[in-house]
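A short write-up of the structure that comes next.
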Amino acid sequence: MFCDTHCHLFREYYEDVDEIIKLAKENGANRMIVAGCDDKSNKEVLSLVEKEEIYGTLGIHPEEVENFKESDLNFIEENLQNKKIIAIGEIGLDYHYGKENRKDQIQLFELQLALAEKYHIPVVVHSREATLDTINSLKKYNVKGVIHSFSGSLETAKIYIEMGFLLGVNGVITFKNCNLKDVIKEIDLHNIVLETDSPYLTPVPFRGKRNDSSKISVIADYICELKNVSRVKLSEVTNVNIKQFFDI
């Protein structure tokens, strides 16, 4: 059985969350980590983690930098004692749409890194077209965790691994023109975890359809073939990896 280490299991995307959980369990995902991105989703995470199979992370996504309030960070801090909240995330930097608010993004990212350091809790990091700034910010704090939806070079992968981070691998690895498969071939299984990022990044052959945690089996099978390992072995190793950082 696998853990979907990053998904967005919110009412905004799914009419029947319980049905999605049932489908996921039938397809090899017996645990799901739901990632908050803003104040609204963070509050929904707290409701979802009441379900046995669900764990959660709380954070403010870089795309929310213009909207977040200090009270949003206070809310995160106030709920870190919840035993089902296992990390601060999804946090990070995203320059895909431009760098006009770069300084504000870095400030928000580092406020949350400082919070993670203070409470000795892992982080789940989003980094898109911002690798150097992400690495520089992470180096300032004594934190560990997961680089969500990793899609960088082998050199970047080695830097993150040396810093003590796991790499989150999702459906992107199945995309035809993606170089991630070449990177993961060179990376030890002990450095990765599996995720769907559902409802986004649906793996081949289901691209174009809404993603969900049941597709973790597709990602797992792809990696098993790529690395020439059994499902049992991949499950064992990735579950050990998760327990390095997360109280799950």
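If you're matching positions, the sequence shown starts at 15 in this note's numbering and goes up one per residue. Cβ coordinates follow ideal geometry from the N, Cα and C atoms, glycine included. Predicted model only: the values in this text are computed from it and were never measured.
Spatial neighbours of residue i within its chain, please: C-beta separation below 6 Å, excluding the five flanking residues on both sides.
i    : result
A130 : I102, V137, V157
C51  : H75, E104
P217 : G185, T188, K229, V232, I233
C17  : R45, I256
K247 : none
A144 : L107, Y109
G178 : K158
Quick one, which of the options has its alpha-carbon nearest residue i's?
i    : options               : result
Y69  : N56, V79, E77         : N56
G222 : L240, L208, G185      : G185
K172 : I237, L240, H204, K39 : H204
D86  : E77, I262, G73        : G73
S292 : C238, F179, E200      : No answer is possible for residue 292: it lies beyond the span of the chain, which begins at 15 and ends at 262.
N41  : H110, D235, D30       : D235
L215 : I206, V207, D226      : D226
V269 : L194, E176, M177      : Outside the shown range of the chain (15 to 262) lies residue 269, about which nothing can therefore be said.
Note down, in chain order, each residue of its chain lying with its Cβ closer than 7 Å to the Cβ of residue i, except the 5 sequence neighbours on either side.
i    : result
T148 : G106, L107, V139, S141
L94  : Y133, I135
T170 : T145
S249 : M15, F16
At the level of alpha carbons, what is the spacing between residue i and residue j?
i    : j    : result
M46  : D118 : 31 Å
E80  : V197 : 34 Å
N191 : D53  : 35 Å
T252 : M15  : 10 Å
F259 : E33  : 29 Å
E84  : K154 : 22 Å
L240 : L146 : 29 Å
Y27  : S61  : 16 Å
H110 : E78  : 14 Å
F89  : K36  : 30 Å
F164 : G112 : 20 Å
V160 : C238 : 21 Å
E114 : K65  : 40 Å
D202 : S244 : 15 Å
V31  : E92  : 26 Å
V254 : I206 : 10 Å
R116 : H162 : 20 Å
L181 : F220 : 23 Å
R224 : A43  : 17 Å
Y174 : N242 : 24 Å
Taking 8 Å as the limit between beta carbons, can you name the residues of its chain near residue i, skipping five residues before and five after?
i    : result
S151 : L107, I120, F123, E124, L127
V59  : V48, A49, G50, G70, T71, L72, I99
V63  : V48, Y69, G70, N96, K98, I99
I262 : C17, R45, I47, Y69, I100, I256
F82  : D52, D53, I74, L122
K39  : E67
If you measure from the beta carbon of residue i to each beta carbon in chain C, is any gap under 8 Å?
i   : result
G70 : The displayed structure is made up of one protein chain only, and chain C is not part of it.
Secondary structure, beta strand (DSSP E): runs of 3+ residues fully inside the stretch 173–213: 179–183, 206–208
query: Between the stretch 203–215 and the stretch 16–27, are three or more C-beta pairs nearer than 8 Å?
result: yes
task: Starting from the N-terminal side, write out each stretch of the alpha helix (DSSP H) that is 4 residues or longer and does not extend beyond the stretch 65–116.
output: 84–92
message: Threshold first: 4 residues or longer. Then list the alpha helix (DSSP H) segments lying entirely within the stretch 117–155, N to C.
response: 145–152
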